[in-house]
Amino acid sequence: MTRPGVMLLDAAGPEAGALATAAAARGHQVHAATTAAAYTGYGPELKGLLAGHIVTDFARPGRALAELAAYSRRWGVGAVLTVNEYLTELAAHLCAELGVPGNDPGRAHAARDKAAMAQAFAAAGVRMPYTVLVRDDAGLRAALADPRVGFPCVIKPIAGAGSAGVTVVSGPDGAAEAADAARTVVGMYAGGGDPRVLVQAYAAGTEYSVESLTQDGATTHLAVTRKQVTDGASRVETRHSLPVRLPPAIEAAVYRQVEAAIRAAGIRHGASHTEVIVGGDGRCAVIEIGARLAAGQIGVLIQHALGIDVWAALLDVALGRPAALAPTARGYATVRFVTSSCAGRLTSLSGLPSVGPGVPFVRWRAAIGGPVHEPDANGHRLGSFVVTGADAAEVEERADALLRQIRIHVEPHPNGPGQVSEASTSAIAP
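So the number in this note's numbering is just where the residue sits in the sequence shown, counting from 1, plus 262.
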């Protein structure tokens, strides 16, 4: 029997590669929708998994949808998947066009555009920080004067990702600069920045994310992830750890809010990654939601800590088949991100751990001689590694010890001294 083909919207990155591997291992022909520039960067291993690919222009979604639908029909595609934040809306429309399981195309914009997300959350009664859409400087001044916003507050772009352009502002000074920074953030396939920005009341508390899979409108929560972020104006992630066991009453409250957010964003068939803050009073506020599997190796953490094959599960959901979502292990896993404390040129690296027992994943992204940045967005991470084990405290202690062994030498921009430092979680990015 011929198995349906699988279409990946953008097959770059480790998560997409894992999806391609899982689909090919099950006998599905795997196709990739990509840009010409991106396809040249695909490695031989990934290209060897692909039965075919189509080059399209994601910046023109209407045209891309028509081209991808025609290609998919020609090659018998029966499942559409993406782990790319910027392509989840296109994926929903393509699924609807092909008549395969997918998210509500009429609501998919709310999982991508944060202004639309805030409106959808408000209409659905999702508890979130008070949020104001700002279009110009006068609107910014009015938002900052609104007592429902207060200080500190958060200024963020409409359609960014990975904490790019997000600033925590402690007072009126610096707000205009933060708004300008948010406006300059350009989406992966956008032609320019968006003049609109969001001003949001600051939610104090502990940050978590909830990793979920929804099938036929029924949601299973796979794990709660503890997220550690930097202090200061830029809050970028330094580590993820799971699973977190919340007190039952708080967990139930978190899940209620997350499920309301999932419905508001029209997520019916697929993964979701919901970022929340739990305050000191135990109340949950939803910060935002993504209609995709979490990045930052969270899929690897779930697989090794809980024994859930998330890649196979995502494939089954996309094909409309029952997915195996019950944990088969009771372990613990954490990821550490490696960053530089200064901008410049990376000249040397030592002490990076190797894959082995208890360290199932190591990835280095930066090239010797290449540029590095001070971490003010998740995209500035130099590398990462995952540590697993049975005991949470032991796993965290080992991960911290391994991180301290990594030493990087960065030659700062002209007129600055060189720096040799231990890798740090005090500043970060992906």
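Glycine included, every Cβ here is placed at the ideal spot set by N, Cα and C.
Quick caveat, the model's predicted, so the values are computed rather than measured.
Compute the distance between the beta-carbons of residue i and residue j, then report whether it is under 7 Å.
i	j	result
N640	V498	yes
T650	G613	no
C357	G368	no
A438	T429	no
T318	A341	no
V600	L644	yes
F320	Y517	no
A326	A526	no
A331	T344	no
A523	T350	no
V416	A405	no
P419	V447	yes
A654	R598	no
V339	G267	yes
G427	A443	yes
A533	L568	no
H642	A595	no
S334	M390	no
V657	P622	no
A712	H371	This structure gives no information on residue 712, because the portion of the chain shown stretches from 263 to 692.
G593	A652	yes
L284	W573	Per the sequence presented here, residue 284 reads as Ala, with Leu not at that position. Result yes, Cβ atoms of A284 and W573 sit closer than 7 Å.
R530	D366	yes
T468	S474	no
Under a Cβ-count criterion, where at least 16 other Cβ atoms within 10 Å of its own Cβ denotes burial, should residue i be classed as buried or exposed?
i	result
V394	buried
G528	buried
S683	Below a pLDDT of 50, predicted positions are generally treated as unreliable, and S683, at 48, falls in that range; the measurement from the model is reported next regardless. Under this definition S683 is an exposed residue.
E307	exposed
R374	buried
G606	buried
V637	The sequence given here has Pro at residue 637, not Val. Classification of P637: buried, given that the 10 Å Cβ count is 16 or more.
Q462	buried
T492	buried
P509	exposed
T476	buried
A580	buried
R693	Outside the displayed span of the chain (263 to 692) sits residue 693, for which this structure offers no information.
D634	Note that residue 634 is Val in the sequence shown, not Asp. So V634 counts as buried.
T590	exposed
T500	buried
I690	Unreliable placement is indicated for I690, whose pLDDT of 27 sits below 50; the coordinate value is still reported in the next sentence. Label assigned to I690: buried.
G410	Residue identity check: residue 410 is Arg in the sequence provided, not Gly. Exposed, by the Cβ-count rule.
S686	With a pLDDT of only 42 at S686, under the threshold of 50, the placement of this residue in the model should not be trusted; the figure read from the coordinates follows. Under this definition S686 is a buried residue.
V646	The question names Val, but residue 646 is Ser in the sequence shown. Its Cβ being crowded by 16 or more others within 10 Å, S646 is buried.
P434	exposed
S616	exposed
G422	buried
E659	exposed
P692	Here P692 scores only 28 on pLDDT, less than 50, and its place in the model is too uncertain to base an answer on.
Which same chain residues end up closer than 6 Å to residue i when comparing Cβ atoms and leaving out the 5 residues on each side of it in sequence?
i	result
A286	V292, L311
D578	A585
S425	V498, A639, N640
L611	I670
P674	C604, G606
R265	G289, H290
S688	Only weak support exists for where S688 lies, its pLDDT of 32 falling under 50; the value from the coordinates is given anyway. For S688, where only same-chain residues beyond five positions count, there are no Cβ hits under 6 Å.
Q681	Bear in mind that the predicted position of Q681 carries a pLDDT of just 49, short of 50, making it unreliable; the figure below should be weighed with that in mind. Counting only Cβ-Cβ distances below 6 Å, and skipping sequence neighbours, we find C604, V672.
Excluding the 5 residues flanking residue i on each side, which residues of the same chain have their C-beta closer than 7 Å to its C-beta?
i	result
P414	V430, V431, S432, Y464
A466	G541
V388	Q519, A522, A523, A526, V548
V472	H483, V486, V516, V520, T536, V538
A386	A522, R525, A526
Let's see if you can read the secondary structure: which residues bound the beta strand (DSSP E) around residue i?
i	result
T429	429-431
L475	468-477
V416	415-419
E550	546-552
W573	First-last for W573: 572-581, but that is the alpha helix (DSSP H), not the beta strand (DSSP E).
I670	669-674
H290	Unbroken run through H290: none, as it is neither H nor E.
E307	No beta strand (DSSP E) contains E307, which is instead part of the alpha helix (DSSP H) from 306-311.
T393	393-396
Would you kindly report the start and end of the unbroken alpha helix (DSSP H) that includes residue i?
i	result
S534	Where S534 is concerned, there is no enclosing alpha helix (DSSP H), although the beta strand (DSSP E) it sits in stretches over 532-540.
Q381	376-386
S334	323-336
Q519	510-526
Q565	560-568
Residues in the same chain with beta-carbon distance under 8 Å from residue i, minus the five sequence neighbours each way, listed in chain order, please.
i	result
P679	Its pLDDT being 44, under 50, P679 is placed unreliably by the model, and the measurement read from it follows with that caveat. There are no such residues.
A511	G544
A313	G267, Q291, V292, H293, W337
Item to complete: Determine contact between the stretch 485-492 and the stretch 503-511, defined as no fewer than three beta-carbon pairs at a distance below 8 Å.
Response: yes
Practice prompt. For the stretch 397-412 and the stretch 542-561, state whether three or more C-beta atom pairs, one from each stretch, are separated by less than 8 Å.
Written response: no
Discussion item. With three or more C-beta pairs closer than 8 Å as the rule, is the stretch 550-565 touching the stretch 272-290?
Written reply: Counting Cβ pairs under 8 Å, three or more are found: they touch.
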